[in-house]
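Only one structure is covered here, and it is reproduced in the block below.
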Amino acid sequence: MFLTTMFAALSISLQPVGLVISNVNDSKNIINSINRSDKVNLNDIKLDIISFNVNKLLNSDGTFDKQYLLQCLLEELYEVKATDEIKNNLTELVDDWTFEPNNWKNSTLPNKLPIKGQTMDINLAIKPANASINFKGILKLKYKLFNELELIDIGDKIKKTDLGEFVDTDNNLIKNRVIELNSKTLTNYKDSIYVENSDYEKATIKSTLLSGFVIVKFQSNLNKFGWQLQSSRLEVEAYNSTQQKTEEKSYTMDVKLGKEKFLSTFRNAYIDWSGFTYNSYDGDRWHNNDNESGNENYVIYQKKTIPLTSYSYQIEVMNRLYSNTNWTKAYGYLTLNWISDHELQIGYKINVQAYATAWNSRWARSAAQMFLGDLSF
Numbered sequence: 003m004f005l006t007t008m009f010a011a012l013s014i015s016l017q018p019v020g021l022v023i024s025n026v027n028d029s030k031n032i033i034n035s036i037n038r039s040d041k042v043n044l045n046d047i048k049l050d051i052i053s054f055n056v057n058k059l060l061n062s063d064g065t066f067d068k069q070y071l072l073q074c075l076l077e078e079l080y081e082v083k084a085t086d087e088i089k090n091n092l093t094e095l096v097d098d099w100t101f102e103p104n105n106w107k108n109s110t111l112p113n114k115l116p117i118k119g120q121t122m123d124i125n126l127a128i129k130p131a132n133a134s135i136n137f138k139g140i141l142k143l144k145y146k147l148f149n150e151l152e153l154i155d156i157g158d159k160i161k162k163t164d165l166g167e168f169v170d171t172d173n174n175l176i177k178n179r180v181i182e183l184n185s186k187t188l189t190n191y192k193d194s195i196y197v198e199n200s201d202y203e204k205a206t207i208k209s210t211l212l213s214g215f216v217i218v219k220f221q222s223n224l225n226k227f228g229w230q231l232q233s234s235r236l237e238v239e240a241y242n243s244t245q246q247k248t249e250e251k252s253y254t255m256d257v258k259l260g261k262e263k264f265l266s267t268f269r270n271a272y273i274d275w276s277g278f279t280y281n282s283y284d285g286d287r288w289h290n291n292d293n294e295s296g297n298e299n300y301v302i303y304q305k306k307t308i309p310l311t312s313y314s315y316q317i318e319v320m321n322r323l324y325s326n327t328n329w330t331k332a333y334g335y336l337t338l339n340w341i342s343d344h345e346l347q348i349g350y351k352i353n354v355q356a357y358a359t360a361w362n363s364r365w366a367r368s369a370a371q372m373f374l375g376d377l378s379f
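When we follow this note's numbering, the leftmost residue of the sequence shown carries the number 3, and every step to the right adds one.
Printed below as a string of structure tokens:
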């Protein structure tokens with residue numbers, strides 16, 4: 003009998019402190035419910051100052067709903083930096099306050115809020131009003147209220163960022179295409195859109211009324227198909243003298259985004275060309291990439307690669323030389339010439355020369371002509 007009483011007393015003393023176990027199923031030993039006897043002590047929770055923007059809470063006349071302010075301030079507790087245990091306790095508190103606000107009491111809220119550009123420090127205390135809930139003590143909170151216009155992110159308004167192809171890329175075309183493709187969402191922001199930075203493949207779009215930025219992408223087609231540039235038949239003749247002539251002609255490109263951005267996107271230009279030369283000793287010849295010194299038969303246009311550089315230069319693509327007592331020369335070049343940061347010239351240069359001595363009766367004649375076609379990048 004004494005041993006039975008002792009074991010019973012020992013059994014009771016070993017039950018966990020802080021928990022009261024009830025409703026035990028004798029047949030399966032399953033605990034159906036646990037009632038917590040230890041409450042969360044709000045006095046032990048210490049938090050940093052919480053910043054909160056009151057801009058959207060203020061009516062046009064400066065009034066505001068205090069209950070809504072309290073709700074917003076408490077909901078900020080969902081986002082505080084704290085240990086998992088504290089965050090779980092705060093989440094439980096806010097959830098309980100949301101559904102059972104009568105379980106709680108709070109200190110007085112301010113009668114006014116800061117105007118734009120100003121801040122206000124407030125203290126908020128909240129404590130249980132119902133002894134049955136799982137909290138005790140007082141939660142003391144410090145807030146820094148500020149009033150700033152919260153801009154909408156530009157990414158919420160510009161969803162279509164593939165602008166397709168531009169034939170002549172510039173910032174106005176880019177901006178207008180962005181507005182056109184996103185016209186429904188940019189109705190109230192069209193005048194605020196601007197291009198901050200761009201090249202021939204992408205651009206950064208910003209707004210004076212929206213926050214952030216958006217990168218849009220596109221293709222730049224600067225090709226000039228169907229374009230032609232043809233020289234005259236440049237000719238000299240000489241007797242007892244040396245004669246020469248030079249002719250240059252080019253197409254001027256408007257490099258609207260500047261040399262640096264142009265060269266960062268495009269590495270080469272490609273141009274179709276062919277040429278013709280004549281001298282009074284060998285007759286006519288035709289030229290292309292495969293026939294730099296000339297072919298007796300007509301040859302067709304061929305595409306020549308012109309490396310794009312930051313400096314001006316010329317590439318010799320044809321030559322015709324005859325040398326004896328008299329001599330003739332004919333040269334053809336493709337030219338690349340930067341005349342400004344925004345102007346690039348691509349074209350041709352031909353040069354013909356002839357010399358004839360007075361000791362014979364023959365004239366020396368030399369001629370050249372060049373034909374340029376499609377230009378692409």
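Built from N, CA and C at the ideal position, the CB exists for glycine as well.
The structure presented is a predicted model; accordingly, all values stated were derived computationally and were not measured.
Beta-carbon proximity list for residue i, same chain, < 7 Å, skipping 5 on both sides
i      : result
Leu323 : Lys331
Tyr357 : Ala240, Thr244, Asn328, Trp329 and Ala366
Asn45  : Gly139 and Ile140
Lys41  : Asn136, Phe137 and Lys138
Ile181 : Leu188, Lys192 and Ile195
Asn132 : Asn105
Ile317 : Ile308, Tyr335 and Leu336
Leu111 : Lys68, Leu71 and Leu72
Asp155 : Leu212, Ser213 and Gly214
Rounded distance between the beta-carbons of residue j and residue i, thought under 8 Å
i      : j      : result
Phe278 : Gln371 : 4 Å
Leu336 : Trp275 : 7 Å
Tyr202 : Leu259 : 7 Å
Leu211 : Tyr191 : 6 Å
Val96  : Leu79  : 5 Å
Leu75  : Val82  : 12 Å between Cβ atoms; not a contact.
Ile308 : Asn270 : 6 Å
Asn380 : Ser295 : An answer regarding residue 380 cannot be provided, because it is not within the stretch 3 to 379 covered by the chain.
Val169 : Gln246 : In fact, because the Cβ distance is near 41 Å, the residues do not count as touching under 8 Å.
Glu237 : Ala369 : 4 Å
Lys2   : Asn293 : Residue 2 cannot be examined here, being either before or after the span of the chain that is shown, 3 to 379.
Secondary structure of residue i, DSSP reduced to three states
i      : result
Lys142 : strand
Ser266 : helix
Arg367 : strand
Asp164 : strand
Val257 : coil
Phe101 : helix
Asn173 : helix
Glu387 : In the structure as shown, the chain starts at 3 and stops at 379, and residue 387 therefore has no counterpart that could be examined.
Asp274 : strand
Val180 : helix
Asn43  : strand
Val301 : coil
Asn321 : strand
Val437 : The structure shown does not extend to residue 437, since the chain spans only 3 to 379, so no value can be given for it.
Val197 : strand
Leu126 : strand
Asp376 : strand
Glu250 : strand
Gly157 : helix
Lys114 : coil
Gln69  : helix
Ile352 : strand
Residues near residue i by beta carbon distance below 6 Å, same chain, minus five either side
i      : result
Lys261 : Asp343
Asp28  : Only weak support exists for where Asp28 lies, its pLDDT of 39 falling under 50; the value from the coordinates is given anyway. Excluding residues within five positions, none has a Cβ falling inside 6 Å.
Ser378 : Asn225 and Tyr272
Ser339 : A small correction: the amino acid at residue 339 is Asn; Ser does not occupy that position in the sequence shown. Excluding sequence neighbours, Asn339 sits near Ser314 and Gln347.
Asp123 : Lys146
Tyr283 : Tyr324
Leu143 : Leu126
Ala2   : The chain is shown only over 3 to 379; residue 2 falls outside these bounds and no answer can be derived.
Asn281 : Tyr324, Thr330 and Ser368
CB of residue i within 9 Å of CB of residue j, strictly
i      : j      : result
Leu265 : Leu310 : yes
Gly157 : Val216 : yes
Leu151 : Asn61  : no
Ser200 : Ile176 : yes
Asn184 : Lys162 : yes
Lys107 : Lys129 : yes
Ala84  : Leu126 : no
Ser209 : Phe373 : no
Glu298 : Asn223 : no
Thr171 : Asn242 : no
Ile52  : Ile88  : no
Trp229 : Gly375 : yes
Contacts around residue i, its chain only, beta-carbon distance under 8 Å, and the 5 residues preceding and following it disregarded
i      : result
Val19  : Model confidence at Val19 stands at a pLDDT of 30, short of 50, so the residue's coordinates are unreliable; what they give is reported in the following sentence. Within the same chain, Val19 has no close Cβ partners at all.
Glu77  : Val96
Ser109 : Asn125, Leu126, Ala127 and Ile128
Thr267 : Asp201, Tyr202, Glu203 and Ser222
Trp99  : Leu76, Asn105, Trp106 and Ile128
Three Cβ pairs or more, each shorter than 8 Å: is that satisfied between the region 142 to 162 and the region 106 to 125? Segments in contact, yes.
Do the region 342 to 351 and the region 247 to 260 make contact, defined as three or more Cβ pairs closer than 8 Å? yes
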